Structure formats: C-alpha cells, structure tokens
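Protein chains in written order, with UniProt numbering: chain A, 1 to 131; chain B, 1 to 131.
Report on the structure given below.
Number of protein chains: 2
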Amino acid sequence: MNYTISQAAQKTNLSIHTIRYYDKEGLLPFVYRENGTRVFHEQDIDWLDLLCCLKNTGMPIKDIRTLIQHCMDNDAVLEKGVAILVRHRHNVEAQLKEMQRSLDTIDYKIKHLPQMFREKFSSEASESHNE
Amino acid sequence: MNYTISQAAQKTNLSIHTIRYYDKEGLLPFVYRENGTRVFHEQDIDWLDLLCCLKNTGMPIKDIRTLIQHCMDNDAVLEKGVAILVRHRHNVEAQLKEMQRSLDTIDYKIKHLPQMFREKFSSEASESHNE
DNA sequence: TGTTGACATAGAGTCCACTCTAGCGTTTAT
DNA sequence: ATAAACGCTAGAGTGGACTCTATGTCAACA
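Here it is in structure tokens:
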C-alpha cells in the first residue's frame, strides 16, 4: 500500500511541513520518489511511527539521523543502530522514573502549597525578616 | 538559612544564568534583595524545586508565571494556583502513560528493526518495486 | 590602594524544532 | 484550456528556553 505525503501525515499525526522537514534533515533518506513526488510505503509509515516515539521521548533529531544512517549501511552497522535504540530505551526508563518522582513532588506540593505561600506572603510581608 | 544565587544554583542544579533568567521572566517575584543582591530563603529553594519539577514535566514558563502570580495574590486566588497544579498533575499522568507506550513501541521495534530494514534495503534495492 | 571575586543589569546570540511563504510544476475535473 | 488541488524546493520566520557578553558595583583582602 502506498501513500502520498498528506496521507502519511494523517496516519502519523505529523504535519506535511514536519515530514518534509524531517526528510530535509536526513531522517527519511529511503523514501522513494516518482517524478519528484514522495511515495510512502507501509514500512516508511512504520519508521515514521518509531521516529515519533523517539522524538516524543526526547531523542534529538541529529541522533535519530545517526540511527537511521547506521541502519541503512549494512547488517554489521545496523547492530549499532540497535545499540543506540537500546541505550535510548534505558534513557526512557530513567525519564519514566524521574517523571514519577516529579509527580510525587507535585502531589506533595499541592498539599503544602497553601501553607508554604501563606508563610511566605502573609507573615513575611508584615513582620521583619532578620537575615 | 539564607543562600546567595550561586548557592541556590548549586542546590537546585540550575545555572546562575538560568535563575536570573527565571527571575527576569517573573518566576521569582518574591525573592528578597539586599542592596540589589538576591537573598534566597529555604522557602525560595522549595519553590525553585517545584519550578524544576514543573519545567521537567513540560509546563511552559508562561504557565509557571501564571501559577506563581495566582499564588501571590491571596488565598482565594491561591486556590486557582492549586487548580493549575492539579490539572498539570493529570497532564503528567497522561505523559507517563504515553511514555510507557513509547517504551513498548521501542521494545517492539528493537526486535523487528533488523527485519524491517533488511526488507527495505536489501530486497527493494535489488528488485523492481511496483507501485 | 588596587586587585580579586561575587554580585548585578541589559541585551545580544544560540540552538532546536518546527512552521510558513513564495513560487513553481503536474494532474484532474468542467 | 483553465482553474483547483496537490506536490515540490529554498529559504525566511517563529517561539521557547536558555546562554553568554559587556559593563558596572561593591566588599574584602594583601
């Protein structure tokens, strides 16, 4: 099944502009052209999906480019690509834990915010605060 | 206990530049000055910690400013601040789930990447691919 | 007293990831 | 055959969050 750029955009929830931008940045070096027009295959959509995951989990575009370039070279170097992915996977796990901690902090602060700010703005505004 | 800007930077893992930038952006309107020099109290460090959590979980600076402004007004409006925080909390939960899904996708792709790219670059490079 | 070091401001510059515009070509429907 | 719809490129512009530079003040020390 083949798709135009606008269909690919729909399927991936990216904008047409963004897909072209990614192509320009070397993230889609494998996309075929017919008379200059991009033709997206199912596998290209798969790659765009992975790309979105990587982007959404904070991988910078230049790292994604490195990954795809490794993948395109040959099987030996593709292993490097897998390695990048595995490393990023650990990264994402760390982010998850970090975000969980942030959530806990936010919960804690929600409870203590009123008190925290009453102390800051009610008492300290009126009383002398010796340093 | 009071801190200079450089001590506050150390405690929060922000740079001095960044703290001053946050102040300029109206995120630290409550920080005292002595002869122009910022003096950070324990509570200010608490607020900087929360600020980092919010920033790390994707809250834009203008929203953080709105929050702090609500908190500074009075108790009624402080409730608005709490509401913002609660809303953001749900936001972060959604992000957590999204990131978990991304992690699953990445795991799946790690398994299937070699196959996916062999199909793309080995077969299609040599055979005619009818559209 | 003069140098060092920490503080300050204003504002310019950087980096990233888009996002948009202008201008052009091709296919499709009336 | 002309206009609408969609595709293309090059390149300018945007927005967010820093990051850095130039310049200046002030306090403490040799």
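For glycine and all other residues, C-beta sits at the position ideal for the given N, C-alpha and C.
Note that the structure is predicted; figures quoted are calculated from it, not measured.
At a cut-off of 8 Å, the C-beta of K80/A has no neighbouring C-beta in chain B.
Look at N91/A here: in three-state DSSP terms it is helix.
Using a Cβ-Cβ distance cut-off of 8 Å, the segment 19-36 of chain B and the segment 57-73 of chain B are in contact, since at least three pairs of beta carbons, one from each stretch, lie closer than that value. Look at E42/A: its C-beta is not under 8 Å from any C-beta on chain B.
Assigned with DSSP and collapsed to three states, V39/B falls in strand.
Burial check for K109/B: the Cβ neighbour count within 10 Å reaches 16 or more, so the residue is buried. CA-to-CA, the gap between K11/B and L48/B works out to about 9 Å. What Q95/B touches in chain A, judged by beta-carbon distance under 8 Å, is M99, going in chain order.
Around the beta-carbon of A83/A, fewer than 16 other beta-carbon atoms lie within 10 Å, marking it exposed.
With a threshold of 16 other beta carbon atoms within 10 Å, G81/B meets it and is buried. Under a 10 Å Cβ-count criterion, M99/B is classified as buried, with 16 or more other Cβ atoms of the shown protein chains found around its own Cβ. When Cβ-Cβ separations below 8 Å define contact, M1/A makes no contact with chain B. DSSP, read as helix, strand or coil, puts N56/B in helix. In the three-state reduction of the DSSP assignment, E34/A falls in the strand class. Between C53/A and T57/B, the gap from beta carbon to beta carbon reaches 8 Å or more. When Cβ-Cβ separations below 8 Å define contact, R65/B makes no contact with chain A. A Cβ of chain A is located within less than 8 Å of the beta carbon of S102/B. Listed along chain B, the residues sitting closer than 8 Å to N56/A by beta-carbon distance are E98, M99, S102. One thing to note: R89/B has its Cβ within 8 Å of the Cβ of L103/A. Separation of V77/A and H70/A (C-alpha to C-alpha, rounded to the nearest whole angstrom) is 5 Å. Distance from the Cα of H112/B is smallest, within the candidate group S15/A, L50/A, K120/A, for L50/A.
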